[in-house]
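Visitor: First, the structure itself, so that you have it in front of you.
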Amino acid sequence: MSWQLWKIAASRDTSKVFALLSNGSDHLTVVFEYNADSTQRLESQVYLDLCALDDHQPTCFFPNKPAICSAAVKAVESVCADGRETTRRALQPGQILQISTADGTLCGSLVDRSAEFAAFCSSLKQPAALLGQDPGAAKSLPDVVGLEVVRGEEPFQSYRGACMKVSLSKNPKEFLVFKGVTFFDYLQLGPESFQYHLAACYREIHMINTALQQHPNIMPPPKALVVMTSSSDGATEQLVNGSIYPIYKNGSLSALLNKAREEKYRISVERKAKWCSQLASVMHHVHFVARVWHQDLKPPNMLLDDADNILVIDWEQCGANSFVLAPEANGAYDVVTDVEGIEDRRALRYTAYNGPRRVNDPIAIPEWNVFPHWVKECPDAVELAEVYSLGKTMWLILEQVKAGHEDGKEDYTSESVRWSDWSEDIPQSWKGMVRRCIEADPNSRVRLKELCEFWEDQLHKLEK
């Protein structure tokens, strides 16, 4: 039986490593438990080296993470071949396979985690409940596919490890993107942390399917929701694990910018202007039509469709890269609108918060997310914070900045806005607009309406 590794991660709270594997028809959750008495055991070596990688430290037993993954998969396949009945039982809901070493021999044993599995299932929602629809509502719910037919192919690099390149068992040659959660995540993260990850996953599903409404440069609703079937008290229900999306062959905007830098070619000003215009249009729609926010606008969160148009993704509203996050939105400030001033441009007053620690998103940075409060109490502050992110992102595009990497994600924290030979073909008016977007004083920043008009005008001039 051939197994494909879907996910593997260490849980320091329990000194265990959890792994999720797929063989095309089943999913298997596996645990390796650290043994402090013997670091020569495979389970201890896998745990210690994964922890070392998490801490950006050199490994002791394996040369790199692919080698750890390969050893884990080989161990699973060896144990499954020798213990078919144990493996069969481990495929049942709430059961996991523990791999350990005894007298130098790998062995597998069944671990009953049915109580945790029941708690995991109780956290999940049915499609209608998640999307705020009554089952009899006129608007139909998205299609669904069962988690059991989703085959893991290759993990995508992402901060929370929520994305996976997959295929469906009925069509293994068509590759898709799965974004969501499984029982593996519940075990690896622990109940409390899992709830925040699940909330982010569900928030994005709700945003894309309902709150955002349609816009040509926003990721369209998923091809289907991924569900698992759960039985309780004689009733069977479908519970949402996540979504599946198409794979766009042109990849992300950050990948294109990275490639352009590496191969030393300039992307045309026409393409850059188009992308900047599309981004301004997206955020105008998000702010004034959908009346929500994004908060982590950056090239890795933008795909290019088949027509070279931007699609903004990652609507979890969980954390933000410090380079693109407006400084006043770092969780350390409160804001109110001055009563005096012109009606459509009243000044905002920001005050440093000096009270007790505030936490509404402990798995993210910053851990106090101001946007849910500001969007209700002071939407102008949300607009100006998103304008700042737009300005930083436009600079990344115009300057063709290559992303660094940190903690498994593309990162720009070491960057600062400066113009070089890479942007010598960029008009001064464009650079000036970037400067107006990222003014230190939010009250001095350009508004979204003017920003949209500016880029529409620039596109019109280029087309003449």
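Mapping of the sequence shown onto my numbering: residues -5 to 458, in sequence order. Note that CB positions come from ideal geometry on N, CA and C, so glycine has one too. None of the values given here were measured: they were computed from a predicted structure.
(1) Here's a check: name, in chain order, each residue in its chain whose Cβ is nearer than 7 Å to the Cβ of aspartate 419, leaving out the five neighbours to either side.
(2) Rounded C-beta distance between phenylalanine 317 and tyrosine 406? I'm assuming under 8 Å.
(3) Quick one: which unbroken alpha helix (DSSP H) runs of 4-plus residues sit fully inside the stretch 319 to 398? Chain order, please.
(4) Return the residue from the list Ser417, Gln92 and Pro294 that minimises the CA-CA distance to leucine 250.
(5) Just reading off the beta strand (DSSP E) that tryptophan 416 is part of, what are its end residues?
(6) Can you grab the Cα-Cα spacing for the pair leucine 408 / arginine 83, in whole Å?
(7) Would alanine 379 and cysteine 312 be called neighbours here (beta carbons separated by less than 8 Å)?
(8) By Cβ distance, which residues of its chain are closer than 7 Å to glutamate 198, with the 5 residues on each side in sequence left out?
(9) Residues in the same chain with beta-carbon distance under 6 Å from tyrosine 239, minus the five sequence neighbours each way, listed in chain order, please.
(10) With distances taken Cα to Cα, identify the nearest neighbour of tyrosine 422 among Phe111, Glu393, Thr80 and Glu37.
(11) By the DSSP assignment, the alpha helix (DSSP H) with arginine 197 in it spans what residues?
(12) For a test of the three-state rule: what should DSSP assign to tryptophan 269, helix, strand or coil?
(13) Alpha carbons only, please: which of Pro321, Gly146 and Gln182 is nearest the one belonging to lysine 167?
(14) Among Cys74, Gln34, Val73 and Lys68, which residue has its Cα nearest to the Cα of phenylalanine 55?
(15) Can you have a look at lysine 1 and say buried or exposed, based on whether 16 or more other CB atoms are within 10 angstroms of its CB?
(16) With a cut-off of 8 Å on the beta carbons, I'd call isoleucine 212 and leucine 305 a contact; round off their distance for me.
(17) I'd like to know if phenylalanine 150 contacts chain C, where contact means its C-beta is closer than 8 Å to some C-beta of that chain.
(18) Which first and last residues belong to the beta strand (DSSP E) in which glutamine 232 is found?
(19) Only counting the same chain, and skipping five residues up and downstream in sequence, which positions put a Cβ closer than 6 Å to that of aspartate 43?
(20) Which partner residues of serine 94 appear in the DSSP bridge assignment?
(21) Could you tell me which residues DSSP pairs with arginine 145 in its beta bridges?
(22) In this structure, does DSSP put glycine 463 in helix, strand or coil?
(23) Taking leucine 118 and alanine 267 to be in contact with their CB atoms under 8 Å, please state how far apart those CB atoms are, rounded to whole angstroms.
(24) Taking the runs of the alpha helix (DSSP H) that are 4 residues or longer, which of them lie wholly in the stretch 4 to 82?
(25) Label proline 121 either buried or exposed according to how many other C-beta atoms from any shown protein chain fall within 10 Å of its C-beta, with 16 as the threshold for buried.
Guide: Taking the geometry as given:
(1) The residues are Arg260 and Val263.
(2) About 4 Å; that satisfies the 8 Å criterion.
(3) Listed in chain order, the complete alpha helix (DSSP H) runs (minimum 4 residues) inside the stretch 319 to 398 are 365 to 371 and 373 to 392.
(4) Among Ser417, Gln92 and Pro294, the Cα nearest to that of leucine 250 belongs to Pro294.
(5) That residue, tryptophan 416, is in no beta strand (DSSP E); it is neither H nor E in DSSP.
(6) Leucine is not the amino acid found at residue 408; the sequence shown has serine there. Distance between the alpha carbons of serine 408 and arginine 83 is about 49 Å.
(7) Not in contact: alanine 379 and cysteine 312 (Cβ atoms no closer than 8 Å).
(8) Sequence-distant Cβ neighbours of glutamate 198 in its own chain, meaning closer than 7 Å and more than five residues away, are Trp309 and Glu310.
(9) For tyrosine 239, same chain residues with a beta-carbon under 6 Å away, outside a window of 5 residues either side, are Val171 and Pro216 in chain order.
(10) According to the sequence displayed, residue 422 carries glutamine and not tyrosine. Checking every option, the nearest Cα to that of glutamine 422 belongs to Glu393.
(11) Start and end: 185 to 200.
(12) Three-state DSSP puts tryptophan 269 in a helix.
(13) Measuring C-alpha to C-alpha distances from lysine 167 to each of Pro321, Gly146 and Gln182 identifies Gly146 as the nearest.
(14) Of Cys74, Gln34, Val73 and Lys68, the residue nearest in Cα terms is Gln34.
(15) Counting the other Cβ atoms within 10 Å of the Cβ of lysine 1 gives 16 or more, which makes it buried.
(16) Between isoleucine 212 and leucine 305, the beta carbon gap of about 7 Å places them in contact (Cβ cut-off 8 Å).
(17) Structure shown: chain C not included; a single protein chain is present.
(18) Here the beta strand (DSSP E) through glutamine 232 covers 229 to 240.
(19) Thr53, Phe55, Phe56 and Ile62, listed in sequence order.
(20) According to DSSP, residue pairing for serine 94 in a beta bridge involves Cys101.
(21) Answer is Ser161.
(22) Past the boundaries of the shown model lies residue 463; the chain is included only from -5 to 458, so the question cannot be answered.
(23) Contact flag wrong, Cβ pair sits at about 44 Å.
(24) Counting only runs of 4 or more, we get 36 to 48 and 59 to 76.
(25) A residue is called buried when at least 16 other Cβ atoms come within 10 angstroms of its Cβ; proline 121 meets this threshold and is buried.
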